Amino acid sequence: MSQPPRVVAPAEELTIASNDEVVIVRQKVRATAIELGFSLVDQTKVVTAASELARNTLVHAGGGHARIEVLDNGHRRGLRLTFADNGPGIPDLQLALTDGWSSGGGLGLGLSGSRRLVDEFELDSEPGRGTVVTVTKWTR
Amino acid sequence: MTVQENTSRHHIERLLRDNEDGILDRWVQISNEPLLGRVNESETRRELHEIYRVLLQSLSRPEAASELRGLLAELSRNRARQGFTPSETAVSVYGLKEAVYELIGAEQEGDEQALRGFIWLSRTIDGLGLYTFEAYSAARDKIISDQTEQLLELSTPVVKLWEGIVSVPLVGTLDSARTQVVMEKLLQTLVDTGSEYAVIDITGVPAVDTQVAQHLLKTVMAARLMGAHCVISGIRPQIAHTIVTLGIEFGDIVTKATLADALAYALRKSGVEVVNKRRTRLAIRAEEA
Chain A
2 MSQPPRVVAP
12 AEELTIASND
22 EVVIVRQKVR
32 ATAIELGFSL
42 VDQTKVVTAA
52 SELARNTLVH
62 AGGGHARIEV
72 LDNGHRRGLR
82 LTFADNGPGI
92 PDLQLALTDG
102 WSSGGGLGLG
112 LSGSRRLVDE
122 FELDSEPGRG
132 TVVTVTKWTR
Chain B
11 MTVQENTSRH
21 HIERLLRDNE
31 DGILDRWVQI
41 SNEPLLGRVN
51 ESETRRELHE
61 IYRVLLQSLS
71 RPEAASELRG
81 LLAELSRNRA
91 RQGFTPSETA
101 VSVYGLKEAV
111 YELIGAEQEG
121 DEQALRGFIW
131 LSRTIDGLGL
141 YTFEAYSAAR
151 DKIISDQTEQ
161 LLELSTPVVK
171 LWEGIVSVPL
181 VGTLDSARTQ
191 VVMEKLLQTL
201 VDTGSEYAVI
211 DITGVPAVDT
221 QVAQHLLKTV
231 MAARLMGAHC
241 VISGIRPQIA
251 HTIVTLGIEF
261 GDIVTKATLA
271 DALAYALRKS
281 GVEVVNKRRT
291 RLAIRAEEA
């Protein structure tokens, strides 16, 4: 019987304002994923998702914040990443999550692809209010 | 400047000139104290003496200020090279204040003019200490930007694997700037060597996200426009998994798990046959028998 997840390690807050900081977010996420005992495939998936979402805050909102938390639901541990920005927001969430649709000249797979790379995905956005993306990946 | 300030300044200037040896001795002593014999005393003495001399000049001649800054920058560099922190360097400059203050305290206690002059001098010395700090960070910034440039060059060699086959082993993060360098180098090498096959090896790239994939696709497209065939190698299981989950399509681009596979593929395609020598010899013997 799994309990509601609780945060077990103090959250790590990172600022994303440049490409170098996207790399730092990626490294921190990888280090935490290794610590939690994620398999190599899962490590790579969660790191790639972090890379996509961190770059999204940079490209679409000019920068934002990332939070890395370690969760525990009783028998599994998880890695929760939150990416928040104060950018223009997303007018059409459905469209933004469509494969191949991009507003920034990319492949249009960042947001939709990240959703497939993780176990839980939450997108909260409103035009003019910024965007918050929360993703969680659990150990197997 | 008010008349009062002017007299205070002259007062302190006279004090500095008249007690040069005493102040300098004390300054050297104060500034070496926290460094615990990690510096050569005669060396420090020489440096500080030079700074003291030019400082005195700069008080009356503003032109000497640039020479003073040069000396401070040199002090900062020397100290940094010997492994001192910028704070330690700044503190040793601030030692002059202490040395002068002690002298004022001993000779002219309660003299308002002397104190006023000291405050003015103190401000000047603060500026000098901060300048050593600035010089330190400027030197460091330069090292960092030089290294970044070197790294950009170093990290993108294009190697010839065989006649007509070149390879770019990519290591680390692929951002726009690096992709640009990689692409330019690869395309130029294709022309220079007349190669028809290019192997882009991503074994050293830790994660392939949509941006990296897009950069790779663009590089392959550019090479194709020049008539070259591209193979992407170094796709490890976890990378393959991630690429599929993300939904990135590599289309008709040939991909291989290892650089060896890619080389074998390119050799086969260009008509080179790799024959196992030992087995051939066996075959010959069989014929003879």
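Those sequence lines, one after another, are chains A and B. Just so it is clear: in the first sequence, position 90 is 91 by my numbering, and no numbers are missing. Just so it is clear: in the second sequence, position 2 is 12 by my numbering, and no numbers are missing. All residues carry an ideal CB built from backbone N, CA and C; glycine is no exception. If you're wondering where the values come from, they're calculated on a predicted model, not measured in any experiment.
Can you list the residues of chain A that residue i reaches, using a CB-CB cut of under 9 Å?
| i | result |
| --- | --- |
| B:A223 | L108 and L110 |
I want to verify the contact list: residues of chain A whose CB lies under 8 Å from the CB of residue i, in sequence order.
| i | result |
| --- | --- |
| B:I258 | L108, L110 and G114 |
| B:I249 | T45 |
Determine the chain B residues that contact residue i at a beta-carbon separation under 7 Å, and present them in chain order.
| i | result |
| --- | --- |
| A:N20 | D185 |
| A:S104 | Here the premise fails: no neighbours, minimum Cβ distance about 14 Å. |
| A:D100 | G257 |
| A:E53 | D219 and T220 |
| A:V134 | Per Cβ cutoff of 7 Å: no residues; A:V134 is ~15 Å from chain B at best. |
Quick check: what's the CA-CA separation for residue i versus residue j?
| i | j | result |
| --- | --- | --- |
| A:R116 | A:A50 | 8 Å |
| A:R78 | A:E121 | 13 Å |
| B:E259 | B:L227 | 10 Å |
| A:S52 | B:L197 | 28 Å |
| A:W139 | A:L80 | 6 Å |
| B:E298 | B:V282 | Low confidence applies here, because B:E298 scores a pLDDT of 45, under 50, leaving its location unreliable; read the following figure in that light. In a straight line, the C-alpha of B:E298 is about 27 Å away from that of B:V282. |
| A:A32 | A:I25 | 11 Å |
| A:A85 | A:G75 | 28 Å |
| B:K266 | B:R246 | 9 Å |
| B:V5 | B:K170 | Residue 5 of chain B lies beyond the residue range present for chain B, which begins at 11 and ends at 299; the question has no answer from this structure. |
| B:V181 | B:I210 | 11 Å |
| B:I22 | B:I33 | 12 Å |
| B:P179 | B:V168 | 7 Å |
| B:L65 | B:Q224 | 59 Å |
| A:E13 | A:V133 | 16 Å |
| B:T252 | B:G214 | 16 Å |
| B:T199 | B:D262 | 23 Å |
| B:T95 | B:E77 | 23 Å |
| B:A238 | B:M193 | 13 Å |
| B:K107 | B:L131 | 8 Å |
| A:T135 | A:L118 | 13 Å |
| B:V191 | B:T158 | 13 Å |
In chain A, which residues lie less than 7 Å from residue i when you measure between Cβ atoms?
| i | result |
| --- | --- |
| B:A149 | Within 7 Å Cβ-Cβ: nothing; B:A149 doesn't reach chain A, min ~21 Å. |
By the criterion of Cβ-Cβ separation under 8 Å, what are the contact partners of residue i in chain B?
| i | result |
| --- | --- |
| A:L118 | T252, T255 and L256 |
| A:T49 | A217, V218, D219, T252 and L256 |
| A:V42 | P247, Q248, H251 and T252 |
| A:R141 | Going along chain B, no residue has its Cβ under 8 Å from A:R141, so there is no contact; the nearest lies around 14 Å. |
| A:V24 | T183 |
So that I know if they touch, is there some Cβ in chain E lying closer than 8 Å to that of residue i?
| i | result |
| --- | --- |
| A:D86 | Among the protein chains in the structure shown, which are A and B, there is no chain E. |
Whole-angstrom Cβ separation of residue i and residue j, contact assumed at under 8 Å?
| i | j | result |
| --- | --- | --- |
| B:A149 | B:V176 | Not really, about 39 Å apart at Cβ, beyond 8 Å. |
| B:L256 | A:G105 | Between A:G105 and B:L256 the Cβ distance is about 16 Å, and since that is not below 8 Å, they are no contact. |
| A:L98 | A:L112 | 6 Å |
| A:G64 | A:I17 | 5 Å |
| B:L58 | B:S41 | 7 Å |
Using 7 Å as the cut-off, classify the Cβ of residue i as near or not near the heavy atoms of the ligand FAD, replying yes or no.
| i | result |
| --- | --- |
| A:A32 | Among the components of this structure there are no ligands whatsoever, and the ligand FAD is therefore not found. |
What in chain B is Cβ-close to residue i, meaning under 9 Å?
| i | result |
| --- | --- |
| A:R56 | D219, T220 and Q221 |
| said: Three Cβ pairs or more, each shorter than 8 Å: is that satisfied between the region 18–35 of chain B and the region 45–54 of chain B? | reply: no
| said: With a threshold of 8 Å, are at least 3 pairs of Cβ atoms found where one atom belongs to the region 101–120 of chain B and the other to the region 185–194 of chain B? | reply: no
| message | Tell me whether the region 78–92 of chain B and the region 130–145 of chain B touch, counting them as touching only if at least three CB pairs, one residue from each stretch, are closer than 8 Å. | response | yes
| said: Counting beta carbon pairs with one atom in the region 233–250 of chain B and one in the region 37–47 of chain A, are three or more of them shorter than 8 Å? | reply: yes
| task | Could you tell me which uninterrupted alpha helix (DSSP H) segments, each at least 4 residues in length, are contained entirely in the region 198–271 of chain B, listed from first to last along the chain? | result | 220–235 and 247–256
| Mind pulling the beta strand (DSSP E) runs of 3 or more residues that sit fully within the region 60–92 of chain B? | none
| In chain order, which alpha helix (DSSP H) runs of at least 4 residues are fully inside the region 10–92 of chain A? | 20–36 and 41–62
| query | Can you list, in chain order, the stretches of the beta strand (DSSP E) that have 3 or more residues and sit fully within the region 160–192 of chain B? | reply | 169–172 and 175–181
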